[in-house]
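Structure record follows, encoded as structure tokens.
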Amino acid sequence: MRELEREIRERFPEVEIFQHSPRRFYITIGKEKIREIAQFLFKERGLRLSIITGIDSRDGIEILYHFSEDKTGTYWTVKVFLDKAKPKVDTISDITKAASWIEREIWELLGVEFIGHPNLVPLLTAEDWPKDKFPLRRDYE
Amino acid sequence: MNNRRIIPIGPYHPLQEEPEFFKLIVEGEKVVALEINIGYNHRGHEFLSQKMTYEQIPYLVERICGICSNSHPLAFVQAVEDAGKIEVPERAKYIRTINHELERIHSHLLWLGLAGHFIGYNTVWMWAWKYRELVLDIFEMITGNRNHYAMNKVGGVRWDIKDEHILVMEKSLNEVEKAVGMFTKAILDDPVIRARLEGVGVLPKEVAIDYGVVGPTARASGLAIDVRKDDPHAAYDRVAWDIVVFEEGDVLAKAKVRLLECFESIKIIRGCLKDLPKGEIETKIDEIPPGEGIGRTEAPRGEVFHYVRTSGGNFPLRHKIRAPSYMNIASNEYACVGYSIADAALTLAAVDPCYCCTERLVVFEDGKKRFSYDDILRMSWEKTEKLKARMRR
């Protein structure tokens, strides 16, 4: 077992870790833990936040935080599941600035509210884009 | 009295080709804050990609950027190969590496030319782009296209490199290497260029980490990250080469990283051409199983990241794309502040935001070549003579 995998299991006993291939890991965790795990991965272990992906899937809205461990070339993707009716998750843009733009993007394209984001204004869509239309949702026509 | 003023640059930039809006907030000549607005050029690739097949998507993602038109499809096919656990033939891996490094040389020379143009050194611009042509000619020879090479497909590459190509490539690379050597010396020796670039737009290491910057922007700030070394794909672990890292974080360091990387790229291509293995260039694929995959490559500007969620069908359920400029441009919020307005244009360009422009130097009319390089050179001299004569009058 990798050292980081062991440490994550110790710190967050409830996580599910899935090893897809030697350098690709997927970690599923409750959404209330996201700040804590982001703090741990970015600040303590020096992982770089590459990007966040939002997916509208059958089980709800998935938010995938792709953390890159550059010295081993490994991707640690942290997954949280959000309720489709009212998707909300804490922001991590104050932990790393790399999350700032992408949280705005997911907010406007998928309708996920990032609680505590200081500047939640449209990044890509026009200012007059309707506030209840989310192009990356499955029901978008 | 409040003497803050706003200088808007964009959305239709007078110098750059693509719409981006920078709001420089200045006090006198000094930039005190920067607001960045993007989204004028959003083309909805992630939305479109969900409706296309795995065969079609490489052509779509190739058009994200005219310069990184090998990096995006390569990252995408790697993501699908990761999801489907597909092994790529050795020869295809080498060909992918060669293409990828050629792309880096042409992109770095493009940037060098633009940087020269931005500081008013048009000679640097003309010379850098002249030698960039050689690389584009190689691309045309191998792939049939000068940009948008359409080389990568899931499971391999679409065109093979022939033996006669190798000889031409080696000759062109020698010439490019000589030219880059000349640029490096000229730039490091020139007091005016140094004065314009040194200590300007500094991005310290800890800020670089916070913004998550990648590529030459990160390597010029002392972060030794490079996907080609960290997460070896294609044939990068089969040949010898080094990462170029500088500590200063200023524009000069970014220029140095890019110039020295051209030498490393040439080294990689030579190594690949030397032991190019024989055999197939693609694997046959039956189907892509449900799952997820991550593909990453080191584009000339930094790490390109593609995430694909597959559903078992012929198209992805979700395809996330992250280009390097997405991280790098945001860091300008820090790098521009505290310097003069004149430096801002250069600092904004120093992270190498994307442009796409390729103009041919050879003019064709009715299928016949009209002007050659020598003709254009002669015309330019004639015009200079005419101008001189007019000034003497």
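Protein sequences appear in the order of chains B and G.
In this text, residue positions in the first sequence follow the working numbering: the first is 3, and each later residue adds one.
In this text, residue positions in the second sequence follow the working numbering: the first is -9, and each later residue adds one.
Glycine residues also receive a C-beta, built at the ideal position from the N, C-alpha and C atoms.
List the residues of chain B whose Cβ lies closer than 7 Å to the Cβ of residue i, in chain order.
{"i": "G:LYS310", "result": "ILE53 and THR55"}
{"i": "G:MET317", "result": "ALA100"}
{"i": "G:TYR201", "result": "LYS99 and ALA100"}
{"i": "G:ILE47", "result": "Result: empty, since nearest Cβ-Cβ is about 16 Å, beyond 7 Å."}
{"i": "G:ASP72", "result": "SER23 and ARG26"}
{"i": "G:ILE215", "result": "ASP72"}
{"i": "G:ASP221", "result": "ARG25 and GLY75"}
Determine the closest residue to residue i out of the options, with distance taken between C-alpha atoms.
{"i": "B:THR93", "options": "B:VAL82, B:LYS86 and B:ALA87", "result": "B:VAL82"}
{"i": "G:TYR30", "options": "G:ILE57, G:VAL21, G:PHE11 and G:SER39", "result": "G:PHE11"}
{"i": "B:VAL114", "options": "B:ARG26, B:ASP141 and B:ILE57", "result": "B:ILE57"}
{"i": "G:MET141", "options": "G:GLU196, G:ALA210, G:ILE47 and G:GLY189", "result": "G:ILE47"}
{"i": "G:TYR324", "options": "B:ILE104, B:ARG106 and B:ALA100", "result": "B:ALA100"}
{"i": "B:ASP130", "options": "B:GLU110, B:ARG140, B:ARG139 and B:LEU6", "result": "B:GLU110"}
{"i": "B:TYR67", "options": "B:LYS88, B:ARG60, B:ARG4 and B:ARG26", "result": "B:ARG26"}
{"i": "G:GLN40", "options": "G:VAL298, G:ALA334, G:TRP371 and G:SER330", "result": "G:VAL298"}
{"i": "G:ILE256", "options": "G:GLY328, G:LEU92 and G:VAL235", "result": "G:LEU92"}
{"i": "G:GLU282", "options": "G:HIS296, G:ASN135 and G:ASP276", "result": "G:HIS296"}
{"i": "G:ARG(-6)", "options": "G:GLU8, G:ALA73 and G:VAL16", "result": "G:VAL16"}
{"i": "G:TYR139", "options": "G:ARG53, G:LEU307 and G:ARG228", "result": "G:ARG53"}
{"i": "B:LYS86", "options": "B:ILE104, B:GLN21 and B:LEU112", "result": "B:LEU112"}
{"i": "B:ASP96", "options": "B:GLN41, B:PHE20, B:PRO24 and B:HIS22", "result": "B:GLN41"}
{"i": "G:ASN135", "options": "G:ILE57, G:LYS20, G:GLU80 and G:MET116", "result": "G:ILE57"}
{"i": "B:HIS22", "options": "B:THR79, B:GLU16 and B:PHE69", "result": "B:THR79"}
{"i": "G:TYR384", "options": "B:ARG50, B:PRO24 and B:LYS133", "result": "With chain G running from -9 to 383 in the structure shown, residue 384 of chain G is simply not present."}
{"i": "G:SER97", "options": "G:LYS120, G:GLY328, G:ARG81 and G:GLY18", "result": "G:LYS120"}
{"i": "B:ASN121", "options": "B:GLU107, B:LYS133 and B:PRO132", "result": "B:GLU107"}
{"i": "B:GLY62", "options": "B:LYS88, B:ARG4, B:ASP72 and B:LYS35", "result": "B:LYS88"}
{"i": "B:PRO124", "options": "G:GLU154, G:HIS32, G:LEU377 and G:ARG248", "result": "G:HIS32"}
Can you tell me the Cα-Cα spacing of residue i and residue j, whole angstroms?
{"i": "G:LEU213", "j": "G:VAL203", "result": "9 Å"}
{"i": "G:PHE305", "j": "G:SER315", "result": "27 Å"}
{"i": "G:ILE258", "j": "G:LEU338", "result": "30 Å"}
{"i": "G:GLY205", "j": "G:ALA198", "result": "11 Å"}
{"i": "B:LYS33", "j": "G:GLY292", "result": "30 Å"}
{"i": "B:GLU38", "j": "G:LYS152", "result": "54 Å"}
{"i": "B:ARG8", "j": "B:TYR28", "result": "14 Å"}
{"i": "G:VAL352", "j": "G:MET369", "result": "The predicted model places G:VAL352 with a pLDDT of 48, which falls under 50 and marks its position as unreliable, so this point remains unresolved."}
{"i": "G:ASP364", "j": "G:GLU372", "result": "12 Å"}
{"i": "G:GLU288", "j": "G:ARG312", "result": "12 Å"}
{"i": "B:PHE14", "j": "B:THR74", "result": "22 Å"}
{"i": "G:ARG86", "j": "G:LYS246", "result": "26 Å"}
{"i": "G:ILE(-1)", "j": "G:ILE26", "result": "10 Å"}
{"i": "G:MET384", "j": "G:LYS168", "result": "The first residue shown for chain G is -9 and the last is 383, placing residue 384 of chain G beyond what the model contains."}
{"i": "B:TYR142", "j": "G:ALA320", "result": "30 Å"}
{"i": "G:LEU307", "j": "B:PHE136", "result": "16 Å"}
Run through DSSP, which three-state label would residue i get?
{"i": "G:VAL190", "result": "coil"}
{"i": "B:HIS1", "result": "Nothing can be reported for residue 1 of chain B: it is not among the residues displayed for chain B, which extend from 3 to 143."}
{"i": "B:GLU71", "result": "strand"}
{"i": "B:VAL91", "result": "strand"}
{"i": "G:ASN318", "result": "helix"}
{"i": "G:PRO306", "result": "strand"}
{"i": "B:PRO137", "result": "coil"}
{"i": "B:SER52", "result": "strand"}
{"i": "G:ASN135", "result": "coil"}
{"i": "B:TYR28", "result": "strand"}
{"i": "B:ILE36", "result": "helix"}
{"i": "G:GLY362", "result": "With the sequence shown as reference, residue 362 of chain G is identified as Ser, and Gly is not the correct amino acid for it. In this structure, G:SER362 counts as coil in the three-state DSSP scheme."}
{"i": "G:ALA118", "result": "helix"}
{"i": "G:CYS346", "result": "Below a pLDDT of 50, predicted positions are generally treated as unreliable, and G:CYS346, at 32, falls in that range; no measurement from the model is reported."}
{"i": "G:THR273", "result": "coil"}
{"i": "G:VAL70", "result": "helix"}
{"i": "G:GLY281", "result": "strand"}
{"i": "G:LEU249", "result": "helix"}
{"i": "G:ARG(-6)", "result": "strand"}
{"i": "G:LEU213", "result": "coil"}
{"i": "G:VAL166", "result": "helix"}
{"i": "G:THR300", "result": "strand"}
Quick one: what's residue i bridged to in DSSP?
{"i": "B:LEU84", "result": "B:ILE63"}
{"i": "G:THR287", "result": "G:VAL294"}
{"i": "G:TYR84", "result": "G:TYR84 is not bridged to any residue."}
{"i": "B:ASP58", "result": "B:ILE63"}
{"i": "B:TRP78", "result": "B:PHE27 and B:PHE69"}
{"i": "G:ARG312", "result": "G:PHE295"}
Which bits of chain G does residue i rub up against, with CB to CB less than 9 Å?
{"i": "B:HIS68", "result": "ILE284, PHE295, TYR297, LYS310 and ARG312"}
Just to make sure I have the definition right: I need the residues of chain B whose C-beta is within less than 8 Å of the C-beta of residue i. Which are they?
{"i": "G:GLY103", "result": "Per Cβ cutoff of 8 Å: no residues; G:GLY103 is ~29 Å from chain B at best."}
{"i": "G:ILE183", "result": "Ordered by position in chain B, no residue passes the 8 Å Cβ test against G:ILE183, which lies about 31 Å from the chain."}
Name the chain G residues that come within less than 8 Å of residue i, Cβ to Cβ?
{"i": "B:LYS137", "result": "According to the sequence shown, residue 137 of chain B is Pro rather than Lys. Those within 8 Å of B:PRO137 in chain G are GLY34 and PHE37."}
{"i": "B:LEU125", "result": "ILE28 and GLY29"}
Identify the contact partners of residue i in chain G, using a Cβ-Cβ distance below 7 Å as the criterion.
{"i": "B:TRP109", "result": "Here the premise fails: no neighbours, minimum Cβ distance about 13 Å."}
For residue i, which residues in chain B fall below 9 Å Cβ to Cβ?
{"i": "G:ALA320", "result": "LYS99, ALA100, SER102 and TRP103"}
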